[in-house]
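**Student:**
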Amino acid sequence: MRVNRISHARGRTAALGLAVAALAAGLTTGAGPATAQPQSAAAAAPDCSAAFRIEQKLASGTTWRMCWRYDSMAGLVLDDITYQPKGEPAPIKVLNSARLGQIHVPYDDGRAEYDDLTGQDFAKDLMNLAPAECPGGTIKTVKIPDPYPDQNPNVKGLCTTTRSRGHAYRMQGDTANKVYQAQGKDFLVYTVNQVGWYEYMTEFRFQDDGTINMNVGATGTLSPFDYDAGDGKGWPIGKGAAKDKATSHTHNVFWRLDFALDGSTKNRVEQYDSTLTPRGADTPTVKTTRTKVTKELAGDAKTYRWWRMVSATGKNKDNHARSYEFVPGPTTRYPGRSYTKHDIYFTQYDKCELFSSNNPRCDRDHPKSVDKWVNGQTLTHPVAWVNVGFHHIARDEDQQPMPVHWQGFSIVPRDVTAMNPLTPADLAGQNGNYTGGS
Ligand SMILES: [Cu+2]
Numbered sequence: 001m002r003v004n005r006i007s008h009a010r011g012r013t014a015a016l017g018l019a020v021a022a023l024a025a026g027l028t029t030g031a032g033p034a035t036a037q038p039q040s041a042a043a044a045a046p047d048c049s050a051a052f053r054i055e056q057k058l059a060s061g062t063t064w065r066m067c068w069r070y071d072s073m074a075g076l077v078l079d080d081i082t083y084q085p086k087g088e089p090a091p092i093k094v095l096n097s098a099r100l101g102q103i104h105v106p107y108d109d110g111r112a113e114y115d116d117l118t119g120q121d122f123a124k125d126l127m128n129l130a131p132a133e134c135p136g137g138t139i140k141t142v143k144i145p146d147p148y149p150d151q152n153p154n155v156k157g158l159c160t161t162t163r164s165r166g167h168a169y170r171m172q173g174d175t176a177n178k179v180y181q182a183q184g185k186d187f188l189v190y191t192v193n194q195v196g197w198y199e200y201m202t203e204f205r206f207q208d209d210g211t212i213n214m215n216v217g218a219t220g221t222l223s224p225f226d227y228d229a230g231d232g233k234g235w236p237i238g239k240g241a242a243k244d245k246a247t248s249h250t251h252n253v254f255w256r257l258d259f260a261l262d263g264s265t266k267n268r269v270e271q272y273d274s275t276l277t278p279r280g281a282d283t284p285t286v287k288t289t290r291t292k293v294t295k296e297l298a299g300d301a302k303t304y305r306w307w308r309m310v311s312a313t314g315k316n317k318d319n320h321a322r323s324y325e326f327v328p329g330p331t332t333r334y335p336g337r338s339y340t341k342h343d344i345y346f347t348q349y350d351k352c353e354l355f356s357s358n359n360p361r362c363d364r365d366h367p368k369s370v371d372k373w374v375n376g377q378t379l380t381h382p383v384a385w386v387n388v389g390f391h392h393i394a395r396d397e398d399q400q401p402m403p404v405h406w407q408g409f410s411i412v413p414r415d416v417t418a419m420n421p422l423t424p425a426d427l428a429g430q431n432g433n434y435t436g437g438s
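If you use UniProt numbering, the sequence shown closes out at 438, no skipped numbers anywhere.
1) How many Å lie between Thr378 and His405 at the Cα?
2) Cβ of His381 versus every heavy atom of ligand 1: is any distance shorter than 7 Å?
3) Go ahead and pull the three-state DSSP assignment for Gly119.
4) For Gln407 and Met201, what's the separation of their Cα atoms in angstroms?
5) Measure the CB-CB distance between Phe259 and Asn193 and report whether it falls below 8 Å.
6) Would Ser248 and Asp108 qualify as a contact pair, given that the criterion is a beta-carbon distance under 8 Å?
7) When we look at the beta-carbon of Asn316 and count the other beta-carbons within 10 Å, is it buried (16 or more) or exposed?
8) Once the 5 residues before and after Gly234 are set aside, which same chain residues still bring their CB inside 6 Å of it?
9) Flag Ala218 as yes when its Cβ comes closer than 7 Å to any non-hydrogen atom of ligand 1, and as no otherwise.
10) Apart from the five residues on each side of it in sequence, which residues of its chain come closer than 7 Å, Cβ to Cβ, to Leu58?
11) In the structure shown, what three-state DSSP assignment does Trp197 receive?
12) Count the CB pairs spanning the region 261 to 273 and the region 286 to 297 that are closer than 8 Å, and state whether there are at least three.
13) Less than 7 Å between the CB of His320 and some heavy atom of ligand 1, yes or no?
14) Assuming Thr340 contacts Asn387 (C-beta within less than 8 Å), just tell me the rounded distance between them.
15) Determine the DSSP secondary structure at Val370, reduced to helix, strand or coil.
16) Is Gly136 near Thr160, with beta carbons less than 8 Å apart?
17) Please determine whether the Cβ atom of His251 lies at a distance below 7 Å from any heavy atom of ligand 1.
18) Would you list, in sequence order, the uninterrupted beta strand (DSSP E) runs of no fewer than 3 residues that lie entirely inside the region 192 to 237?
19) Excluding sequence positions up to five away, which residues of its chain have a Cβ less than 6 Å from the Cβ of Gln84?
20) So what does His167 bridge to, in DSSP terms?
21) Assign Leu261 to one of three DSSP states: helix, strand, or coil.
22) Is it the case that the Cβ atoms of Ala312 and Lys266 are separated by a distance below 8 Å?
23) For Thr275, which of Val286, Ala281, Asp282 has the nearest alpha-carbon?
24) Ignore the nearest five residues each way along the sequence and tell me which others in Gln181's own chain have a CB closer than 6 Å to its CB.
25) Identify, in the order they occur along the chain, each residue of the same chain with its Cβ nearer than 6 Å to the Cβ of Val94, setting aside the five sequence neighbours on each side.
26) What is the rounded straight-line gap between the Cα of Gly389 and the Cα of Gln56?
27) Grab me the residues of Thr331's own chain with a C-beta within less than 6 Å of its C-beta, minus the 5 sequence neighbours each way, in chain order.
28) Using CA atoms only, rank isn't needed, just tell me which of Ser72, Pro46, Cys67, Trp373 is closest to Lys143.
29) Please name the residue, chosen from Thr118, Ala321, Asp350, Val195, that lies closest to Val374 on a Cα-to-Cα basis.
30) Given 7 Å as the limit, tell me if His342 has its C-beta closer than that to any heavy atom belonging to ligand 1.
31) State buried or exposed for Asp318, treating a residue as buried only when at least 16 other CB atoms are found within 10 Å of its CB.
32) By a C-beta neighbour count over all protein chains shown, 10 Å radius and 16 as the cutoff for buried, is His104 buried or exposed?
33) For ligand 1, I want to know if His104 counts as a neighbour, meaning its beta carbon is within less than 7 Å of at least one of the ligand's heavy atoms.
34) If you compare alpha carbons, which of Asp146, Ala168, Glu325 is closest to Ile411?
35) Pull up the CB-CB distance for Gly210 and Pro413, whole angstroms please, since I reckon it's below 8 Å.
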């Protein structure tokens with residue numbers, strides 16, 4: 001008997017009462033660490049007790065360290081994330097906190113719209129993981145802060161493991177049979193949360209080259225209550241042309257990233273745009289310009305545009321400011337709500353601004369969504385909100401079970417180290433124009 005699904009299915013009136021209770025309880029477990037002071041050269045161990053500490057050294061010599069906790073609405077939160085590739089004497093802090101900011105799900109027929117994190121008990125419905133779904137890793141027990149009355153609050157729900165990702169690099173050496181190559185390794189941290197009939201995988205993937213990927217995978221099963229779509233608003237997945245039209249909908253996933261590069265939250269945001277100058281019959285030229293983003297911004301992605309978060313204090317051994325670049329994944333922007341109209345938001349840190357829509361943790365007068373928080377404040381402690389949308393038009397293959405569909409993005413180191421952090425010793429001298437112009 002699928003008790004969980006039946007008693008906790010979205011749309012039932014009981015869920016609303018529970019959400020309100022969660023709201024009240026959530027107030028005590030809410031905000032992340034609000035450290036504003038730069039930490040001196042990043043302490044070696046993250047600031048949490050052993051049970052909440054995660055440390056993984058990958059075969060290439062890169063170590064990732066962080067603390068985990070479990071929020072009563074956001075679910076998995078990773079705090080105090082540091083990256084230490086081989087050759088770096090101390091961990092380099094990247095983020096104060098990384099977590100989901102919302103999963104907003106509007107249906108194409110306009111009859112339903114959900115905020116899964118703050119309105120649909122996303123965090124409560126953490127799933128126990130079978131050993132086989134955390135291959136080679138460790139499953140930690142998570143205590144749900146605010147469980148249902150009938151729920152065992154201890155869930156074996158957090159997997160940490162490693163996985164190969166194929167080539168990290170390849171380069172032909174001087175002789176025919178000399179090849180410099182390395183196979184990359186990732187460190188993964190993930191949970192599965194059930195919302196209604198869906199199951200969402202929340203995955204953080206830390207590569208040995210300093211890249212962090214954040215992805216949500218939607219799987220589980222299509223809601224059996226949504227097989228009555230009107231023309232143009234669904235897709236038939238039963239036998240015949242018009243039978244069992246599953247209603248199309250969008251999953252707008254937001255992540256909230258509180259950076260603290262080199263231990264300081266006083267990071268700077270920069271936007272880069274490249275423009276093409278046609279030159280008639282000649283080869284076109286491309287010029288790239290930097291715009292300093294000094295005030296809160298609702299940013300729109302487009303060709304030839306990208307953003308990065310720049311360290312206030314840290315430089316690499318080439319004397320270049322450390323930064324992390326935002327690299328978006330495929331996204332379909334949902335134009336139906338003010339807070340989903342932009343791809344990235346940079347807001348000044350506010351401890352009560354935790355969910356990009358239907359944000360419950362501010363006082364009554366505080367606006368409830370991220371677009372409203374972009375109101376001209378100077379960015380001295382920028383928080384990044386990344387919005388990745390997936391328009392889900394069901395297909396026959398979605399049952400049964402529904403194959404995992406991933407959506408997400410990466411943050412990629414830009415000048416965090418002076419060279420490729422995985423450089424083999426033979427090539428360690430090849431920094432800049434190493435041929436000396438000869
Ligand atoms: Cu879907």
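Even glycine gets a Cβ: it sits at the ideal position worked out from N, Cα and C.
Being a predicted model, the structure only gives us computed values, none of them experimental.
**Tutor:** Taking the coordinates as given:
1) C-alpha of Thr378 to C-alpha of His405: approximately 37 Å in a straight line.
2) Because no heavy atom of ligand 1 lies under 7 Å away, the Cβ of His381 does not count as near it: no.
3) Looking at Gly119 - three-state DSSP - the assignment turns out to be helix.
4) In a straight line, the C-alpha of Gln407 is about 10 Å away from that of Met201.
5) Going by C-beta atoms, Phe259 is not nearer than 8 Å to Asn193.
6) Annotated as proximal: Ser248 and Asp108, with beta-carbon spacing under 8 Å.
7) Asn316 should be labelled buried.
8) Excluding positions up to five away in sequence, the list reads Lys245, Ala246, Thr247, Ser248.
9) Taking 7 Å as the cut-off, one finds at least one heavy atom of ligand 1 near enough to the beta carbon of Ala218.
10) Taken in chain order, the residues that qualify are Thr162, Lys185, Phe187, Asp208.
11) Here Trp197 sits in coil by DSSP.
12) The way I'd put it, the region 261 to 273 does touch the region 286 to 297; three or more beta-carbon pairs between them come closer than 8 Å.
13) For ligand 1, not one heavy atom lies less than 7 Å from the Cβ of His320.
14) Contact annotation, Thr340 with Asn387: C-beta distance approximately 6 Å; criterion of less than 8 Å satisfied.
15) Annotated three-state conformation of Val370 is helix, per DSSP.
16) Contact: no.
17) Yes, the beta carbon of His251 sits closer than 7 Å to at least one heavy atom of ligand 1.
18) For the region 192 to 237, the continuous beta strand (DSSP E) assignments of 3+ residues that do not extend past its boundaries occur at 198 to 207, 212 to 220, 234 to 236, in sequence order.
19) Hits under 6 Å: Thr63, Pro91.
20) Residue pairing from DSSP places His167 in a beta bridge opposite Gln183.
21) Helix at Leu261.
22) Between Ala312 and Lys266, the gap from beta carbon to beta carbon is short of 8 Å.
23) Selected option, being the one with the closest Cα: Val286.
24) Counting only Cβ-Cβ distances below 6 Å, and skipping sequence neighbours, we find Arg170.
25) For Val94, the CB contacts under 6 Å within the same chain, skipping 5 residues up- and downstream, are Ile81, Tyr83 in chain order.
26) Separation of Gly389 and Gln56 (C-alpha to C-alpha, rounded to the nearest whole angstrom) is 31 Å.
27) Same-chain partners within the cutoff: Val388, Gly389.
28) Taking the Cα of Lys143 as reference, the smallest distance to any Cα among Ser72, Pro46, Cys67, Trp373 is reached at Ser72.
29) It is Asp350 whose Cα lies nearest to the Cα of Val374.
30) In terms of side-chain proximity, the C-beta atom of His342 is found no nearer than 7 Å to any non-hydrogen atom of ligand 1.
31) Around the CB of Asp318, fewer than 16 other CB atoms lie within 10 Å, so the residue is classed as exposed.
32) With 16 or more other Cβ atoms within 10 Å, it is buried.
33) Remark: the C-beta of His104 is outside contact range of ligand 1, defined as less than 7 Å to any heavy atom.
34) Minimum Cα distance to Ile411 is reached at Glu325.
35) Their Cβ separation, rounded to whole angstroms, is 4 Å, which keeps Gly210 and Pro413 in contact under 8 Å.
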